[in-house]
Amino acid sequence: MAKTMPLVGNEFVAGFRLQTEWAGLIAAAFFFGKIGAGLFLMSLYTGSKVGALTGLLIVLIGKGGAHLLYLGRPERFWRGLTRPRTSWVARGFWAMMIMAVAGVIYLAAPAGTAVWWVFQVIAGLSAFFVAVYDGFLMNSSPAIPLWNTALMPVLCLFYSLLGGTSLSLFLLHVGAVGLAIGPDFLANLELTLILTNLIVVIIYLLSMTSATAAARESLRLLLRGPYALAFYSLVIGIGLVFTFLLSYLAGVESGAGVVSLITAADLVGHFFIFFLLLRVGVYSPVLGKLSI
Amino acid sequence: MHLGMVIDLKRCVGCQACTIACKSENGTPPEVLFTKVVEQVAGEYPIIKKKFIPVLCNHCQDAPCEKACPTGATSRREDGIVMVDHDKCIGCRACYVACPYKNRIFIKKGALKTGYFGRKLTPFEQVKYPKWQEGVVSKCTFCVERVDQGLEPSCVQTCPADARIFGDLSDPESKVSRLIRQRGGYQPLSENNTEPSVYYLE
Ligand code: SF4
Ligand code: SF4
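If you're matching them up, the sequences are chains A and B in order.
First residue of the first sequence: 297, per my numbering; consecutive thereafter.
First residue of the second sequence: 73, per my numbering; consecutive thereafter.
Listed below in structure tokens is the structure:
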């Protein structure tokens, strides 16, 4: 019987090959982009200017900083704006810029004025784009079949909303913000989003079981290979199950300590899911033949 | 004109002469290989079959690396050669994750300072390295400076087994077009619709 292609580290042997360039800093940029944009969006909804400002700063300093640190030639970063017609990197870059400018004007404008409304809408739309574009960026790559799925932007959106909700609850409980809506609503939203994220992650993984051989190889690395422990413990265990149980059993009314723990656990899961999805990205064998 | 290459897997003996010819033509820094020959071993001892597969940038006509590039550093010439303008590249490596063939190479920081032998660049490296930049992505150009003078890429000229054939794919009477027609040449990972300009013959 023909053997299937191995996963090779040696570049002179045919087989599945891991992508090795997008790792920690790109995962950090994705993470900060999503939680910052999520917090910004939630803050528009809850009417918290401090939350919106915090979200904006997380995007600009966290995401922008991680991207700059990652670039091979950061001094030329502005060139990354030139091709939004075809490139998702350029589109994301534009969205961040627009979010920054519109967000600052929105925060500075007197509430209720026409300028405030207009820039609130522009900042909100660009924040939404920042939250989901990583998913489109990954989805647009035919090279790595694990990422090449329409579920990727959906995953990004729900993780972003969950991160934004957790951070809003955290800011509320440490007394940094006052909200125009009740904390109970946020707490219920948090529970709903954790469950939704769990379901989306399961659907995504199930969809990959019938995808191409390279996607299944990625899945093997993630669920049964060297990354399985990190996936089950950090992403599923801490990031989703622990946060759900703590939110459900102890509840956010247990105080700032519990809310901080829930937020920290959620953020750990959030960072690691995208970090691990980047790490297990696998290319198909060079001629596309799957057996030898 | 649409320049392309046909690689005859029946002829390749895995000598890596093309790999070395590319290194010496381009003077690429350590860990940067624009072409190489990967091997595939099938069967079990003592009945073993070994196949050698030369790989290089396929100069795709619908290149995902070009679409992914946010700066326009990656572009396609009229003759189909996909180029990277190092002065425009920001090193974001979007092209690296977009290329289904993993044919993009990031030139790491420091790669041009130490060269192959650690302490100091050799005279050869001193001549060749000024054309490279650290922190950017690079790849095979079909030896564009040779092609522009009417010469063949260095790997094609060097191959002792005549396993690499270079020519105009848009001319139905060219050797490459005839070989593809007669021997059923196929493009690598054609399901990705990247329209590679490199074909393989089994
Ligand atoms: S082989 Fe890769 S690097 Fe070369 S043109 Fe095609 S997608 Fe781009
Ligand atoms: S690394 Fe350079 S060539 Fe590649 S996508 Fe980024 S800017 Fe373009």
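We put the beta carbon where it would ideally sit given N, CA and C, even for glycine.
None of these values were measured; they are calculated from a predicted model.
Identify the continuous beta strand (DSSP E) that holds residue i and give its terminal residues.
i                 : result
Glu224 of chain B : Here Glu224 of chain B belongs to no beta strand (DSSP E), and DSSP marks it neither H nor E.
Val110 of chain B : 107-116
Gly239 of chain B : 236-240
Phe326 of chain A : Careful: Phe326 of chain A lies outside any beta strand (DSSP E), inside the alpha helix (DSSP H) at 320-342.
Pro126 of chain B : 119-128
Val154 of chain B : 154-156
Verify the CB distance criterion: does residue i have a CB-CB separation below 8 Å to chain A?
i                 : result
Lys192 of chain B : no
Arg149 of chain B : no
Ile162 of chain B : yes
Pro118 of chain B : no
Gly256 of chain B : no
Phe106 of chain B : no
Gln112 of chain B : yes
Val154 of chain B : no
According to DSSP, is residue i helix, strand or coil?
i                 : result
Met297 of chain A : Low per-residue confidence applies at Met297 of chain A: pLDDT is 46, beneath 50, and the placement is therefore not dependable, though the value from the model is reported in the following sentence. DSSP places Met297 of chain A in coil when its eight states are reduced to three.
Ala427 of chain A : helix
Met73 of chain B  : coil
Arg149 of chain B : coil
Pro102 of chain B : coil
Asp480 of chain A : helix
Val473 of chain A : coil
Tyr523 of chain A : coil
Leu273 of chain B : strand
Ser383 of chain A : coil
Phe466 of chain A : helix
Leu451 of chain A : helix
Ser506 of chain A : coil
Tyr500 of chain A : helix
Ser210 of chain B : strand
Tyr258 of chain B : strand
Ile357 of chain A : helix
Val78 of chain B  : strand
Val346 of chain A : helix
Val414 of chain A : helix
Ile495 of chain A : helix
Using only the alpha-carbon positions, how far apart do residue i and residue j sit?
i                 : j                 : result
Leu468 of chain A : Met448 of chain A : 30 Å
Met297 of chain A : Gly115 of chain B : Residue confidence is low: Met297 of chain A scores 46 on pLDDT, short of 50, so the model does not pin down where it sits. Its coordinate-derived value is still stated next. Distance between the alpha carbons of Met297 of chain A and Gly115 of chain B is about 9 Å.
Phe189 of chain B : Pro101 of chain B : 11 Å
Val110 of chain B : Leu340 of chain A : 54 Å
Cys90 of chain B  : Leu321 of chain A : 36 Å
Gly311 of chain A : Pro172 of chain B : 13 Å
Thr539 of chain A : Ile558 of chain A : 5 Å
Met393 of chain A : Cys167 of chain B : 22 Å
Ala446 of chain A : Ala140 of chain B : 17 Å
Arg512 of chain A : Ser503 of chain A : 10 Å
His74 of chain B  : Asp134 of chain B : 13 Å
Ala333 of chain A : Asp430 of chain A : 12 Å
Leu356 of chain A : Phe327 of chain A : 12 Å
Glu245 of chain B : Ala323 of chain A : 50 Å
May I ask which residues mark the beginning and end of the alpha helix (DSSP H) holding residue i?
i                 : result
Asp562 of chain A : 552-575
Gln254 of chain B : 247-255
Pro302 of chain A : Per DSSP, Pro302 of chain A belongs to no alpha helix (DSSP H) and is neither H nor E.
Phe312 of chain A : No alpha helix (DSSP H) holds Phe312 of chain A; the beta strand (DSSP E) holding it covers 312-314.
Val582 of chain A : Taken as a continuous stretch (DSSP letters only), Val582 of chain A belongs to no alpha helix (DSSP H), as it is neither H nor E.
Val169 of chain B : 166-170
Gln198 of chain B : 195-200
Arg218 of chain B : 216-219
Pro136 of chain B : 136-140
Thr186 of chain B : 183-186
Would you verify that the beta carbon of residue i is, or is not, closer than 8 Å to some beta carbon of chain B?
i                 : result
Ala391 of chain A : no
Thr505 of chain A : no
Ile440 of chain A : yes
Ala386 of chain A : yes
Gly368 of chain A : yes
Tyr429 of chain A : no
Ser309 of chain A : Contrary to the premise, residue 309 of chain A reads as Val rather than Ser in this sequence. Closer than 8 Å to some Cβ of chain B, the Cβ of Val309 of chain A qualifies, so yes.
Glu513 of chain A : no
Gly460 of chain A : no
Pro302 of chain A : no
Would you decide whether residue i is buried or exposed? Buried here means 16 or more other CB atoms lie within 10 Å of its CB.
i                 : result
Gly106 of chain B : For the sequence presented, residue 106 of chain B should be read as Phe rather than Gly. That one is buried.
Thr350 of chain A : buried
Ala472 of chain A : exposed
Ile119 of chain B : exposed
Trp413 of chain A : exposed
Lys192 of chain B : exposed
Ala427 of chain A : buried
Arg387 of chain A : buried
Asp80 of chain B  : buried
Asp562 of chain A : buried
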